[in-house]
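Chains as they are written, first to last, in my numbering: chain B, 21 to 133; chain Y, 8 to 120.
Written as structure tokens, this is what we have:
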């Protein structure tokens, strides 16, 4: 069973701080990694993706991937109350998987003013 | 922009009814997916389709069936709704050009009484 594990939280950070969200995965052959944000009552929305080891930055968001250790993380700098949401880590095994994603359970992030 | 639509945002049905959930995408995607999302259980894959009339079971197909007669439309069918099928149902479509990942529709909150 391929697994993706996240700390469910809730993770609470003050406004302006860095929020750090972590994810580990079990399938060593996984090829691509995604972070989705889901507001309460809404559907998941893609915010970051990463394919290669290292860091990838997009505005206030940085995704980090370490394939040797099988973990991927998301850093949110200068956190805002509007960042309060559930963050889902998703992993694509690649190959002929038809784009199937394995999702973690999600981490609830609360940014308080 | 990828656009995935679902026929209803909220639906209330009675036990034993046959329920149809419709999903439409406008990007000529080949792969489409149906998930359910429940608190504490995360996103679970029910069925997916990799082409017209082609389908495969996901992790929790029991009590569900699907239909894909046209490329843009993927339907989830609850043959005889039960109270344990009360859930949020999410449809997703796979974008291959550019970022190879899934984009979600707005979701249908189904309540079975």
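Where is the CB? At the ideal position from N, CA and C, for every residue including glycine.
Since this is a predicted model, take the numbers as computed values, not measurements.
Report all residues from its chain with a CB closer than 6 Å to the CB of residue i; omit the five preceding and five following residues, and keep chain order.
| i | result |
| --- | --- |
| residue 45 of chain B | 24, 90 and 111 |
| residue 181 of chain B | The requested residue 181 of chain B is not part of the displayed model; chain B covers only 21 to 133. |
| residue 93 of chain B | 42 and 84 |
For residue i, count neighbouring Cβ atoms within 10 angstroms of its own Cβ and tell me buried if that reaches 16, exposed if not.
| i | result |
| --- | --- |
| residue 10 of chain Y | exposed |
| residue 96 of chain B | buried |
| residue 100 of chain B | exposed |
| residue 25 of chain Y | exposed |
| residue 74 of chain B | exposed |
| residue 22 of chain Y | exposed |
| residue 120 of chain Y | exposed |
| residue 59 of chain B | exposed |
| residue 118 of chain Y | exposed |
| residue 60 of chain Y | exposed |
| residue 32 of chain B | exposed |
| residue 17 of chain Y | exposed |
Going by DSSP, name the residue or residues bridged to residue i.
| i | result |
| --- | --- |
| residue 54 of chain Y | Y/41 and Y/64 |
| residue 128 of chain B | B/106 |
| residue 99 of chain Y | Y/40 and Y/111 |
Go through its chain and collect everything with a Cβ distance to residue i's Cβ below 8 Å, but skip five positions before and after it.
| i | result |
| --- | --- |
| residue 37 of chain Y | 57, 58, 78, 101 and 103 |
| residue 55 of chain Y | 38, 39, 40, 41, 62, 63 and 65 |
| residue 67 of chain Y | 43, 51, 52 and 53 |
DSSP on residue i, reduced to helix/strand/coil?
| i | result |
| --- | --- |
| residue 34 of chain B | strand |
| residue 90 of chain B | coil |
| residue 112 of chain B | strand |
| residue 91 of chain Y | helix |
Quick one: residues in its chain with C-beta nearer than 7 Å to the C-beta of residue i, no 5 flanking neighbours on either side, listed in chain order?
| i | result |
| --- | --- |
| residue 72 of chain Y | 84 and 86 |
Residues within the stretch 15 to 27 of chain Y neighbouring chain B, beta-carbon criterion of under 9 Å: Of all residues in the stretch 15 to 27 of chain Y, none has a C-beta nearer than 9 Å to a C-beta of chain B.
Note down, in chain order, all residues in the stretch 43 to 72 of chain B with a beta-carbon under 7 Å from any beta-carbon belonging to chain Y. So the list reads 52, 54, 63, 64, 66 and 69, given in the order they occur along the chain.
Using a beta-carbon distance cut-off of less than 8 Å, what residues from the stretch 80 to 111 of chain Y approach chain B? The residues in question are 97, 101, 103, 106, 107, 108, 109, 110 and 111.
Output needed in chain order: residues of the stretch 47 to 64 of chain Y with a Cβ under 8 Å from some Cβ in chain B. Residues 47, 48, 49, 50, 52, 55, 57 and 63.
Given a limit of 7 Å on CB to CB distance, which residues of the stretch 75 to 92 of chain B reach chain Y? Flagged: no residues at all.
Got a sec: which bits of the stretch 116 to 131 of chain B sit with their beta carbon under 9 Å from any beta carbon on chain Y, in order along the chain? Here the close residues are 118, 119, 120, 121, 122, 123, 124, 125 and 126.
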